[in-house]
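*Asks:*
There are 2 protein chains.
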Amino acid sequence: MRYAVIMAGGSGTRLWPLSRRGMPKQLLDLVDGKSLLRLAYERLAGVVPADRVLVCTGAEHRDVVAEQLPELDPANILGEPEGRDSLNAIAWPAAVLVERDPEAVMAVLSSDHLITPVDRFAAALQDGFAAAEADRDALITFGVVPTSPHTGFGYLERGAELAGRPGVCRVEAFAEKPDRETAQKYLDTGRYLWNAGMFVWRAETFLDQLRALLPETHRTVRAIAAEPGRLAELFPGLRKISVDYAIMEPVSRGEASGHVLTVGLPIEWQDLGGFAALAGQLPADDHGNATDGLSLVLDGGDNLVINRGEDGRLVAMLGMTDTVVVQTPQITLVCPMAEAGRIKELVAEVSARLGPDYT
Amino acid sequence: MRYAVIMAGGSGTRLWPLSRRGMPKQLLDLVDGKSLLRLAYERLAGVVPADRVLVCTGAEHRDVVAEQLPELDPANILGEPEGRDSLNAIAWPAAVLVERDPEAVMAVLSSDHLITPVDRFAAALQDGFAAAEADRDALITFGVVPTSPHTGFGYLERGAELAGRPGVCRVEAFAEKPDRETAQKYLDTGRYLWNAGMFVWRAETFLDQLRALLPETHRTVRAIAAEPGRLAELFPGLRKISVDYAIMEPVSRGEASGHVLTVGLPIEWQDLGGFAALAGQLPADDHGNATDGLSLVLDGGDNLVINRGEDGRLVAMLGMTDTVVVQTPQITLVCPMAEAGRIKELVAEVSARLGPDYT
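Residue numbers (the working numbering), protein chains in the order written: chain A, 4 to 362; chain B, 4 to 362.
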């Protein structure tokens with residue numbers, strides 16, 4: 004039985020004030036009125052039925068997730084009392100699934116990127132499920148076929164393709180984010196994939212590795228799955244660690260019973276994590292001004308204006324260039340596009356001076 | 004009997020969106036929570052009692068004026084159905100006053116500048132009243148003693164001081180706004196004053212000149228004063244012309260029975276007509292950021308941030324310099340300080356694209 008767990012945690016500040024503590028990036032209407040979470044769900048059409056889709060998110064975001072995905076059984080929206088990194092966002096749903104269905108095969112999917120085309124993604128996901136069903140000891144990690152020597156991602160080094168299973172390869176190694184030169188080498192070999200942080204495996208197999216490598220975490224997530232009422236008590240005690248560090252890398256090095264395979268994703272994989280990337284998704288006028296919401300830009304170019312203020316509110320700009328203006332009902336941000344990468348610092352300052360209401 | 008008429012018409016767009024059609028510059032809280040109109044009224048303390056102060060403003064602004072000047076009899080707030088330039092903003096109140104008091108002596112005062120110190124202004128105003136009472140045929144125009152070769156004002160050329168009346172001079176000529184070189188010459192002679200557009204005279208004397216020079220206007224304003232119910236019918240038909248062109252210049256050239264005198268105003272006379280001037284009135288941080296309202300400016304300098312949005316709304320800026328950000332509940336403006344003089348163009352564009360609701 005195939006299941007999908009969409010991870011929708013995190014509280015990125017890079018799109019502040021569009022994203023807020025209560026409204027992280029993946030829940031924002033960013034693309035044609037849909038959130039990245041909604042798009043992640045829609046990508047599963049024809050692969051995993053709605054009643055076998057789970058979302059793991061922050062407890063404070065459960066209501067918004069339920070609104071955006073009315074197809075889901077609310078019991079399938081798992082709300083973490085606090086963020087404990089990717090291992091626990093995966094291990095808890097895995098424990099929940101084996102409790103329901105010992106034969107569950109689960110895909111773990113992220114919701115923080117824009118993925119096109121959807122049909123290729125769906126086909127690769129089917130391949131991943133098939134590979135996990137064919138090899139009960141495999142942990143399958145998806146890798147995006149790289150289109151540039153990107154230095155912002157980790158990489159997977161592919162080994163040989165498995166006999167009789169086209170597209171499924173061993174993973175030789177996990178590589179940290181490389182420098183530009185190394186990234187170019189990776190690209191030139193054709194053997195490396197971007198580490199997408201998306202997986203598919205038998206839930207039981209995953210939990211077996213977890214039991215071997217982090218027995219305490221295994222015990223805790225099984226206890227939570229057996230007695231959901233103990234969530235708030237037990238979850239915060241979980242060790243904060245990423246799934247790659249905790250499971251994927253040790254297993255790939257032979258430190259547990261399973262083995263790591265990879266399936267390539269021949270997709271466009273776009274992080275909408277910053278305003279520059281977001282500007283590229285919006286319609287632009289003849290002067291390169293990308294806008295969303297009521298605005299008027301006179302004698303200026305290459306601006307990004309996002310106006311999510313109340314109906315009827317106007318942002319008017321005169322003679323500005325390369326500037327980001329983002330307006331929400333509570334906050335208006337103005338910064339040069341070139342400084343948009345530093346918004347985290349601004350949010351820290353806002354938090355320090357004005358308190359958490361503004362973050 | 005001394006009266007004062009404060010002119011509070013006009014709908015300047017240079018401070019848009021702070022100033023709006025419904026809220027022109029002189030009605031805005033600009034200085035320590037007071038409007039320029041309120042300050043103009045307070046400058047009369049000890050010179051003209053509240054029950055003899057009139058305000059001439061646009062009909063649509065009567066309520067705001069009444070709120071800002073609760074001391075005034077609402078009957079003394081004259082609302083023009085539409086703007087017909089300064090002649091009619093003066094002639095109508097003059098006709099109203101002679102109807103009430105044939106011996107009325109009226110000062111005509113503007114409300115669009117910041118004037119300091121107030122005591123010197125009050126003393127000069129007293130001198131003006133005394134001069135008008137001593138010389139029943141005089142039209143007295145106030146001239147600001149210039150402190151720079153300003154090219155944005157018209158000038159008055161002073162003649163000789165009148166015998167036995169210190170500080171009261173004949174006016175030799177009215178001069179248009181000069182170029183820089185001419186303005187410097189004016190300043191060097193010591194004989195020129197900035198034409199302040201403020202006056203004092205017997206209302207009857209002013210109306211006599213008006214009857215001689217523009218008999219149709221005279222007839223109309225007298226008819227409105229006699230039958231206030233005909234205001235909306237008659238006022239729009241008045242010829243649109245400034246008081247200088249219609250009365251002061253012809254009288255100074257001997258084209259009517261009166262004569263023009265001037266009294267100098269030894270004051271600081273500051274036009275808050277643009278954002279650069281306004282920034283100078285606001286407290287600034289160590290980096291020259293002048294702010295009013297809730298804002299946070301990180302790593303930037305010499306910005307002007309005016310946040311008049313609803314309570315709790317924040318303007319946050321990162322890495323911006325020399326930029327004006329003005330936020331009102333409906334509109335947010337962003338422009339470089341150097342472009343702020345072009346806001347009129349922006350307002351025209353806003354009006355054309357979005358209609359009058361935004362102007």
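Backbone N, C-alpha and C define an ideal beta-carbon position, used for all residues, glycine too. The structure displayed is predicted, hence computed values, not measured ones.
Beta strand (DSSP E) containing G49(A): first to last residue?
*Replies:* Neither: G49(A) is in no beta strand (DSSP E) and is coded neither H nor E.
*Asks:* Applying a beta-carbon distance threshold of less than 9 Å, which residues of chain B neighbour I334(A)?
*Replies:* R316, L317, V318, A319
*Asks:* Grab the span of the alpha helix (DSSP H) containing Y248(A) for me, first residue to last.
*Replies:* Looking at the DSSP string, Y248(A) is not in any alpha helix (DSSP H), and its letter there is neither H nor E.
*Asks:* Determine, for P286(A), whether the minimum Cβ-Cβ distance to residues of chain E falls below 8 Å.
*Replies:* Among the protein chains in the structure shown, which are A and B, there is no chain E.
*Asks:* Is A107(B) closer than 8 Å to A206(B) when the C-beta atoms are compared?
*Replies:* yes
*Asks:* Which class does V99(B) belong to by DSSP, given the choice of helix, strand or coil?
*Replies:* helix
*Asks:* Report the three-state DSSP secondary structure of M340(A) (helix, strand or coil).
*Replies:* helix
*Asks:* Based on DSSP bridge pairs, tell me the residues matched to S255(B).
*Replies:* Per DSSP, none; premise fails for S255(B).
*Asks:* For D76(A), count neighbouring C-beta atoms within 10 Å of its own C-beta (all shown protein chains included) and say buried if the count is 16 or more, exposed if not.
*Replies:* exposed
*Asks:* Indicate whether A141(A) and G157(A) have their beta-carbon atoms separated by less than 8 Å.
*Replies:* Going by C-beta atoms, A141(A) is not nearer than 8 Å to G157(A).
*Asks:* For R233(B), which residues of its own chain have a beta-carbon under 7 Å away from its beta-carbon, when the five flanking residues on both sides are left out?
*Replies:* Answer for R233(B): A226, I227, listed in chain order.
*Asks:* Would you mind working out which of L237(A), E230(A), L72(A), K188(A) sits nearest N91(A), comparing C-alpha positions?
*Replies:* Per the Cα distances, L237(A).
*Asks:* Please list, in chain order, the chain B residues whose beta carbon lies closer than 9 Å to that of H330(A).
*Replies:* For the record, residue 330(A) in the displayed sequence is Gln; it is not His. Neighbours of Q330(A) on chain B, chain order: Q330, T335.
*Asks:* Going by DSSP, which residues form a beta bridge with I309(B)?
*Replies:* D295(B), V329(B)
*Asks:* Quick check: the Cα distance between T60(A) and L217(A), rounded to an integer number of angstroms?
*Replies:* Rounded to the nearest angstrom, the two C-alpha atoms are 22 Å apart.
*Asks:* Could you pull out every residue in the same chain whose Cβ sits closer than 8 Å to the Cβ of A69(A), ignoring the five residues on either side in sequence?
*Replies:* L75, P77, I80
*Asks:* List the residues of chain B whose Cβ lies closer than 7 Å to the Cβ of R17(A), in chain order.
*Replies:* The contacting residues do not exist; R17(A) stays about 12 Å from chain B at best.
*Asks:* Using a C-beta to C-beta distance shorter than 9 Å, which residues of chain A count as neighbours of G358(B)?
*Replies:* Ordered by position in chain A, no residue passes the 9 Å Cβ test against G358(B), which lies about 11 Å from the chain.
*Asks:* Using three-state DSSP, classify S354(B) as helix, strand or coil.
*Replies:* S354(B) falls in the helix class under three-state DSSP.
*Asks:* Which partner residues of T60(B) appear in the DSSP bridge assignment?
*Replies:* A11(B), G82(B).
*Asks:* Please report the straight-line C-alpha distance between R24(B) and T362(B), rounded to a whole angstrom.
*Replies:* 6 Å
*Asks:* Can you name the residues that DSSP bridges to M109(A)?
*Replies:* M109(A) is bridged to Y6(A), W204(A).
*Asks:* Taking 8 Å as the cut-off, does the stretch 307 to 317 of chain B touch the stretch 290 to 297 of chain B (at least 3 CB pairs, one atom from each stretch)?
*Replies:* yes
*Asks:* So R345(A) contacts chain B; which residues on that side make the cut at Cβ distance below 9 Å?
*Replies:* Chain B residues near R345(A): L301, D302, L321, G322.
*Asks:* Please report the residue range of the alpha helix (DSSP H) in which V67(A) lies.
*Replies:* In the DSSP assignment, V67(A) falls within the alpha helix (DSSP H) that extends over 65 to 71.
*Asks:* On a CA-only basis, which of G155(A), M323(A), M4(A), C338(A) is nearest W197(A)? Give me that one, please.
*Replies:* When C-alpha distances from W197(A) are compared across G155(A), M323(A), M4(A), C338(A), the shortest belongs to G155(A).
*Asks:* What do you get for Y248(A), buried or exposed, if any count of 16 or more other CB atoms within 10 angstroms of its CB means buried?
*Replies:* Classification of Y248(A): exposed, given that the 10 Å Cβ count is below 16.
*Asks:* Against chain B, does Y248(A) count as a neighbour if the rule is that its beta carbon must be under 8 Å from one of theirs?
*Replies:* no
*Asks:* Can you look up A282(A) in the DSSP assignment and give me helix, strand or coil?
*Replies:* Correct three-state label for A282(A): helix.
*Asks:* Excluding sequence positions up to five away, which residues of its chain have a Cβ less than 6 Å from the Cβ of Q330(A)?
*Replies:* The beta carbon of Q330(A) sits closer than 6 Å to the beta carbons of N310, G312, V318 from its chain, once the five residues preceding and following it are set aside; these are given in chain order.
*Asks:* For A351(A), is the classification buried or exposed, using 16 other Cβ atoms within 10 angstroms of its Cβ as the cut-off for buried?
*Replies:* exposed
*Asks:* Would C172(A) pass as an interface residue toward chain B - the criterion being a Cβ-Cβ separation below 8 Å?
*Replies:* no
*Asks:* Here's the rule I'm using: 16 or more other beta-carbon atoms within 10 Å means buried, otherwise exposed. How should G315(B) be labelled?
*Replies:* By the neighbour-count criterion, in which a residue is buried when 16 or more other Cβ atoms sit within 10 angstroms of its Cβ, G315(B) is exposed.
*Asks:* Give a yes or no on whether the C-beta atoms belonging to I250(A) and L213(A) are separated by under 8 Å.
*Replies:* yes
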